[in-house]
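Working notes for the structure below.
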Amino acid sequence: MSNSEISISTISYNKKEDLRILNACLSSWFSDPKILHFVHPEMTYPFKIGRWINLSYLNKSTTFILKYNNWIIGHLSIRINKESESAHLFHLIIDSDYQRNGYAKKLIIHAEKVITKKNINKININVMKKNQIAKKLYNSLGYLDISINKSGKIKMLKNLV
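As numbered in the numbering used here, the sequence shown has no gaps in its residue numbers, which increase by one up to the final residue, 163.
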């Protein structure tokens with residue numbers, strides 16, 4: 003698989019056409035309630051784009067999509083907090099047909115480069131304790147566990163300096 007088949011771009015929940023595309027992708031990916039729970043434990047099944055936006059996209063964020071042969075197969079959002087000089091990665095999703103091919107890693111590395119250019123030195127991400135595949139990925143990229151809550155959500159942190 004050559005890199006020319008893969009691209010990462012920015013998409014917006016505030017643009018009507020982008021929102022239509024995002025809704026189609028997310029609705030398909032979240033047809034499995036287990037996947038929805040892993041990605042966003044506070045969301046209820048079935049997936050509703052309006053609730054998704056109200057819970058996570060009312061504050062300023064940037065969303066990246068990963069395309070393979072012009073087909074969207076991945077999604078990752080970031081929120082930057084300039085006051086604390088930190089960023090939060092959230093809603094990392096790779097289409098189940100394309101998982102375990104390094105695409106999640108590509109999205110995270112892309113986001114880290116964007117964050118670094120904004121002079122941010124800390125990144126955090128949350129992962130459910132049961133999602134050991136994602137946790138292993140984050141550990142391999144230098145993210146360390148810093149806390150776990152009662153529901154099993156682990157907060158992980160990476161220092162970029």
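The C-beta atom is built at its ideal place from N, Cα and C for all residues, glycine as well. Computed from a predicted model, the values in this text were never measured in an experiment.
Item: At least 3 beta-carbon pairs within less than 8 Å: the region 64-77 vs the region 7-26; Value: yes
Item: With 16 other Cβ atoms within 10 Å as the buried cut-off, status of T65; Value: buried
Item: Cβ distance (whole Å) where L48 is taken to contact M130 below 8 Å; Value: Checking the displayed sequence, the identity of residue 48 turns out to be Pro instead of Leu. Actually they do not touch by this definition, with Cβ atoms about 19 Å apart.
Item: Residue range of the beta strand (DSSP E) that includes N141; Value: Note, N141: premise wrong, no beta strand (DSSP E); alpha helix (DSSP H) at Q134 to S142.
Item: Distance between N61 and M3 (C-alpha atoms, nearest Å); Value: Reliability fails at M3, whose pLDDT of 49 lies under 50, so the model's placement of it is uncertain and the value that follows must be treated cautiously. One C-alpha to the other measures close to 37 Å.
Item: Proximity below 8 Å, CB of Y105 to CB of L143; Value: no
Item: Burial state of V41 (16 or more Cβ within 10 Å); Value: buried
Item: First and last residue of the uninterrupted beta strand (DSSP E) at G76; Value: W73 to N83
Item: Three-pair Cβ contact test at 8 Å for the region 93-105 versus the region 115-125; Value: no
Item: For V2, the three-state DSSP class (helix, strand or coil); Value: Given a span of 3 to 163 for the chain in the structure shown, any question on residue 2 remains unanswerable.
Item: Boundaries of the beta strand (DSSP E) in which S9 is found, first to last residue; Value: I8 to I13
Item: Where I67 falls: helix, strand or coil (DSSP); Value: strand
Item: Counterpart residues of N161 in DSSP-defined beta bridges; Value: K124
Item: Beta-carbon proximity list for H90, same chain, < 6 Å, skipping 5 on both sides; Value: R81 and N126
Item: Which listed residue (Y145, L28, I111 and N103) has its alpha carbon closest to that of Y70; Value: N103
Item: Three-way DSSP call (helix, strand, coil) for S86 in this model; Value: coil
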